[in-house]
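A.B. asks: Residue numbers (my numbering), protein chains in the order written: chain F, 1473 to 1633; chain B, 1473 to 1633; chain L, 1473 to 1633; chain R, 1473 to 1633; chain C, 1473 to 1633; chain G, 1473 to 1633.
The C-beta atom is built at its ideal place from N, Cα and C for all residues, glycine as well.
The structure under discussion is supplied below as structure tokens; questions concerning it will follow.
6 protein chains.
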Amino acid sequence: MSERVVLCYGDSNTYGSIPGGGDRFPRDMRWPGVLAAQLGDDWHVIEEGLGGRTTVFDDPILPDRNGRTYLRPCLLSHQPLDLVVIFLGTNDLKARFAASAADIAGGVAVLTEIALAVAPKVLVLGLPELVSYTDVDGFHLDAAGHRTIGEAVGQRIAAMF
Amino acid sequence: MSERVVLCYGDSNTYGSIPGGGDRFPRDMRWPGVLAAQLGDDWHVIEEGLGGRTTVFDDPILPDRNGRTYLRPCLLSHQPLDLVVIFLGTNDLKARFAASAADIAGGVAVLTEIALAVAPKVLVLGLPELVSYTDVDGFHLDAAGHRTIGEAVGQRIAAMF
Amino acid sequence: MSERVVLCYGDSNTYGSIPGGGDRFPRDMRWPGVLAAQLGDDWHVIEEGLGGRTTVFDDPILPDRNGRTYLRPCLLSHQPLDLVVIFLGTNDLKARFAASAADIAGGVAVLTEIALAVAPKVLVLGLPELVSYTDVDGFHLDAAGHRTIGEAVGQRIAAMF
Amino acid sequence: MSERVVLCYGDSNTYGSIPGGGDRFPRDMRWPGVLAAQLGDDWHVIEEGLGGRTTVFDDPILPDRNGRTYLRPCLLSHQPLDLVVIFLGTNDLKARFAASAADIAGGVAVLTEIALAVAPKVLVLGLPELVSYTDVDGFHLDAAGHRTIGEAVGQRIAAMF
Amino acid sequence: MSERVVLCYGDSNTYGSIPGGGDRFPRDMRWPGVLAAQLGDDWHVIEEGLGGRTTVFDDPILPDRNGRTYLRPCLLSHQPLDLVVIFLGTNDLKARFAASAADIAGGVAVLTEIALAVAPKVLVLGLPELVSYTDVDGFHLDAAGHRTIGEAVGQRIAAMF
Amino acid sequence: MSERVVLCYGDSNTYGSIPGGGDRFPRDMRWPGVLAAQLGDDWHVIEEGLGGRTTVFDDPILPDRNGRTYLRPCLLSHQPLDLVVIFLGTNDLKARFAASAADIAGGVAVLTEIALAVAPKVLVLGLPELVSYTDVDGFHLDAAGHRTIGEAVGQRIAAMF
């Protein structure tokens, strides 16, 4: 069987920012790394996490964070893809986007439609079902959170393919 | 020693398009794959090749191909980086960009400056020194070309680090 | 006397969305159609209603809805024009635009200025003076509302020309 | 049978510019008008011709002429559509676009793909097969040219539906 | 000693709008003029104040007011510069930007970083420390306010150079 | 009589680049400075010259050089203006803009129209009538060229006002 490919598309919680600091967890502690270990050699896992990334909003203060603008060339660069995991929405909560919960869901829907034009399946992560955020800053995952997410995504993928 | 990271930023010749068709060479035959094999476990090699990508030009016919627009979020998503390899310019030759050789060099210089704001080193590939293109379509690498490039870049990296 | 031309520029209430569904009222039930029937053969009525259209805001979730971007080429395509009727503002109320009543009025003023650079007269519809919205969804016109608007605009035009 | 709708999307030759001057032929002499007369009451014909419109190029000297930017909101505003007729490409020949014949064909292909996402059929007009341009300025249709185009499109539509 | 150059970059309070009207205070009454008089012939003072200018926000109602877009070409046009004084933020308070105090500070930080890439020093004015606004409209400086600002900036510059 | 104001809007030849190097002539040797000396205290002369500035073209290699984007906020910042002198076009000759002589004239016409919406008079400089360029690089003015331009513009202004 040929290698399968999954793209992990997200923000600082996919990048693996260490809560309370700018540093990054090592590759094998970040949830895409946990996922890669769990999936084994049959899968190639691509990390695409950028701190501050929104679903579809241009951020006038932090440029280059619009998740829609970047997604299509990113998909085309990494195709053929078997799965795209989208884990975004937290940064949309910033006051300057004035986004309602429905707007954020709408933004994720826009990304999902773009992804489905290139990849056959999309998995959207809604974090609250999975883990509680770290106490350090209230919205970043700690090492245990990454492990939980990586394993949960791995189980879901095992059930999907 | 901790893992080192290199980003391979290019067009269809980094994506690994098979000459004469839309398909993609397997991961280990594409030059970033050849490079990864040569560098071994000390290095993590990130592929970022997109067919039609230019240095700095918006393509009105093929959207999402401007190499400048995409580069900065791509660097930020994959940092910390030890090296960026830039292998672009061929698509700038399309008549609709009206680009002179100096313009293409200028475009690569723009990308180099952006990359050096995030990564400590940049390696720019000028292909003609390395390989001749395939006969099939005159501008795509065949498997031998990928091997030559991957090995040459590997040797250069060995000398740089 | 040569034919006169009026452009009806609006959102879903000019498009004629049927409340509670995506379908469209037939041409003669939409207010521009009611207007055309009332004005008779001396006038040519052009419909330009797009669901979700704002006055001047880019909608990151629903693209192509900025009423300002589209207005100038639309005017130039249909000139010479005797009148532009602008019936916009409802979609500006979405939370993500964070627009005050003064902002919406400002958006309409921007459109009016653009229209007056091409057409000699502009008529701005402020709906609440004319009809109450349907009960189905609270912001779409029903068939009676379209009839009321079309006839009211027709009477106003008769008084203007 | 309910009314069918065709959108005529083009440049000055769809607008109906009189060769050698800025004026516009009357509605019934422009090719969409000729077409409407020929198709009769079963069809509604929408004119969308703008002088200087390109297929996909932004014109830095003449703003608002990019045929791609305008097409999608135009389609959405006039849907449901049975047919889109695209008659563009002449303005792409301006030197500042540096467009090859293949580029212009590529631009038309982009528009066709956008149109087919909304309408079931697209008819692309390649003028040279149909008429010779007027002697006055070499690239505008005279009244006879409009009649020829309108009738030819009408016959093609009769064969398509 | 060669002439030193300071760029005063701001909004209507640098432009010198007279409170309650659209007119402009004369050059020597505006704070950059007061500053020029105080600094004397050793300095060249450049005024760059535009009513409605924001730090980094595009204003959909009032175009051309984004302070970030304009800043870099403005700096390059007036270099070499010894100092940039940034006096912006008031217009960011408009409801349609939905900007928090932290966002406005973030916007000023973006401008400061851009300025420091061209000029060696930046001075950011936070108005409330200096003057109370006029009673006429609550956010425009009167003549006394301009004098206070100009003199305070002059003293700060004297201490910096 | 109150002070009159003239804005000098141009490229490196208004900035005063010294031929063969990146440095800038001193203020009194640049043509706007020559002009200021000639016009005396009745006039305030504003310099706005940026190397690489085009009339209306975005330069993908050298950002922030589009003369149209910058002009309107620049005019609004410096109004009320009695005159705008436009001295642009040389950079449009770069191959990547593919601009014909008519295109460059068209670009200047676009700028003139923008300027006339704010200022009552515009003076367009066509350099070849005035001076020959320096031998050093073939397109930059030397000190004598600046003097010739400044004096010629001064005489023209004397005749206009």
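Kindly give me the distance between the Cβ atoms of valine 1596 of chain G and valine 1580 of chain G, rounded to whole angstroms, as I take these residues to be in contact under 8 Å.
C.D. replies: Contact flag correct, Cβ pair sits at about 6 Å.
A.B. asks: Let me know the beta strand (DSSP E) ranges lying completely inside the stretch 1502-1586 of chain R, each 3 residues or longer, listed in chain order.
C.D. replies: Complete beta strand (DSSP E) runs here, min 3: 1515-1521, 1555-1559.
A.B. asks: When you compare only the Cα positions, how much space is there between proline 1552 of chain R and proline 1491 of chain L?
C.D. replies: Between proline 1552 of chain R and proline 1491 of chain L, the C-alpha separation is close to 17 Å.
A.B. asks: Rank L:Thr1486, L:Pro1504, L:Asp1564, L:Leu1511 by C-alpha distance to the C-alpha of methionine 1632 of chain L and give the top, closest one.
C.D. replies: With distances taken between Cα atoms, methionine 1632 of chain L lies closest to L:Leu1511.
A.B. asks: Output the distance between the C-alpha atoms of leucine 1613 of chain C and proline 1498 of chain C, rounded to the nearest integer angstrom.
C.D. replies: Answer to the nearest angstrom: the Cα atoms are 14 Å apart.
A.B. asks: Going by the DSSP bridge assignment, what does arginine 1476 of chain R pair with across the sheet?
C.D. replies: DSSP lists R:Trp1515 as partners of arginine 1476 of chain R.
A.B. asks: According to DSSP, is arginine 1619 of chain F helix, strand or coil?
C.D. replies: Here arginine 1619 of chain F sits in helix by DSSP.
A.B. asks: Determine, using beta-carbon pairs with one atom in the stretch 1515-1531 of chain B and one in the stretch 1561-1568 of chain B, whether at least three such pairs fall under 8 Å.
C.D. replies: Because the criterion of three Cβ pairs below 8 Å is met, the stretch 1515-1531 of chain B and the stretch 1561-1568 of chain B touch.
A.B. asks: In this structure, how does DSSP classify glycine 1626 of chain F when only helix, strand and coil are distinguished?
C.D. replies: In this structure, glycine 1626 of chain F counts as helix in the three-state DSSP scheme.
A.B. asks: Buried or exposed, going by whether 16 or more other CB atoms sit within 10 Å of the CB of aspartate 1500 of chain B?
C.D. replies: So aspartate 1500 of chain B counts as exposed.
A.B. asks: Here's the rule: buried if 16 or more other CB atoms are within 10 angstroms of the residue's CB, otherwise exposed. What is glutamate 1519 of chain B?
C.D. replies: Buried.
A.B. asks: Can you tell me whether DSSP reads leucine 1613 of chain F as helix, strand or coil?
C.D. replies: Coil at leucine 1613 of chain F, not helix or strand.
A.B. asks: For leucine 1595 of chain L, does the three-state DSSP call read helix, strand or coil?
C.D. replies: Residue state, collapsed to three classes: strand.
A.B. asks: Over the uninterrupted alpha helix (DSSP H) stretch that includes glutamate 1489 of chain C, give me the two end residues.
C.D. replies: A quick correction: the sequence has serine, not glutamate, at residue 1489 of chain C. That residue, serine 1489 of chain C, is in no alpha helix (DSSP H); it is neither H nor E in DSSP.
A.B. asks: Taking CB distances under 8 Å as the criterion, tell me whether glutamate 1475 of chain L reaches chain R.
C.D. replies: For glutamate 1475 of chain L, the answer is yes, since a Cβ of chain R falls inside 8 Å of its Cβ.
A.B. asks: Rounded to the nearest angstrom, what separates valine 1517 of chain B and valine 1625 of chain B at their Cα positions?
C.D. replies: Taking the straight line joining both Cα atoms gives about 12 Å.
A.B. asks: Which one or two residues does DSSP pair with arginine 1496 of chain G in a beta bridge?
C.D. replies: Bridge partners of arginine 1496 of chain G: G:Ser1489.
A.B. asks: Any C-beta of chain G sitting closer than 8 Å to the C-beta of glutamate 1520 of chain C?
C.D. replies: Closer than 8 Å to some Cβ of chain G, the Cβ of glutamate 1520 of chain C qualifies, so yes.
A.B. asks: Please identify the residue among B:Arg1537, B:Arg1496, B:Ile1533 whose C-alpha is closest to the C-alpha of isoleucine 1576 of chain R.
C.D. replies: Among B:Arg1537, B:Arg1496, B:Ile1533, the Cα nearest to that of isoleucine 1576 of chain R is on B:Ile1533.
A.B. asks: Please report the Cβ distance between glycine 1488 of chain B and arginine 1496 of chain B, rounded to the nearest whole angstrom; I am assuming they are in contact, meaning their Cβ atoms lie under 8 Å.
C.D. replies: 5 Å between Cβ atoms; contact.
A.B. asks: Using beta carbons (cut-off 8 Å, strictly below), is proline 1545 of chain G in contact with chain C?
C.D. replies: It does; some Cβ of chain C falls within 8 Å.
A.B. asks: Does any C-beta atom of chain C lie closer than 8 Å to the C-beta of glycine 1524 of chain L?
C.D. replies: Output row for glycine 1524 of chain L: interface = no.
A.B. asks: Taking the C-alpha atoms as reference points, what is the distance between alanine 1508 of chain R and glutamine 1627 of chain R?
C.D. replies: So the alpha carbons of these two residues sit roughly 12 Å apart.
A.B. asks: By how many angstroms is the C-alpha of isoleucine 1586 of chain B removed from the C-alpha of aspartate 1554 of chain B?
C.D. replies: If you take the alpha carbons of aspartate 1554 of chain B and isoleucine 1586 of chain B, they lie about 14 Å apart.
A.B. asks: At a CB distance below 8 Å, what residues from the stretch 1555-1579 of chain C approach chain F? Give them in sequence order.
C.D. replies: The stretch 1555-1579 of chain C vs chain F, Cβ under 8 Å: Phe1569, Ala1570, Ala1571, Ser1572, Asp1575, Gly1578, Gly1579.
A.B. asks: Could you tell me the distance, in whole angstroms, from the CA atom of isoleucine 1621 of chain B to the CA atom of alanine 1615 of chain B?
C.D. replies: Rounded to the nearest angstrom, the two C-alpha atoms are 10 Å apart.
A.B. asks: What is the rounded straight-line gap between the Cα of threonine 1584 of chain L and the Cα of glycine 1578 of chain L?
C.D. replies: If you take the alpha carbons of threonine 1584 of chain L and glycine 1578 of chain L, they lie about 10 Å apart.
A.B. asks: Less than 8 Å between CB atoms is the rule here; does valine 1596 of chain F satisfy it with respect to chain A?
C.D. replies: Of the protein chains in this structure, namely F, B, L, R, C and G, none is chain A.
A.B. asks: Looking at the C-beta of phenylalanine 1529 of chain R, does it have a partner C-beta in chain B at a distance below 8 Å?
C.D. replies: Cβ-Cβ to chain B under 8 Å: yes for phenylalanine 1529 of chain R.
A.B. asks: Beta-carbon of arginine 1499 of chain R versus every beta-carbon of chain L: anything under 8 Å?
C.D. replies: Chain L contact via Cβ: present.
A.B. asks: Less than 8 Å separating the beta-carbons of proline 1545 of chain F and tyrosine 1542 of chain B?
C.D. replies: Yes, the pair counts as a contact, with Cβ atoms nearer than the cut-off.
A.B. asks: When you compare only the Cα positions, how much space is there between tryptophan 1503 of chain G and histidine 1550 of chain C?
C.D. replies: Taking the straight line joining both Cα atoms gives about 15 Å.
A.B. asks: Is it buried or exposed for leucine 1588 of chain B, if we count other Cβ within 10 angstroms and need 16 for buried?
C.D. replies: Exposed is the call here.
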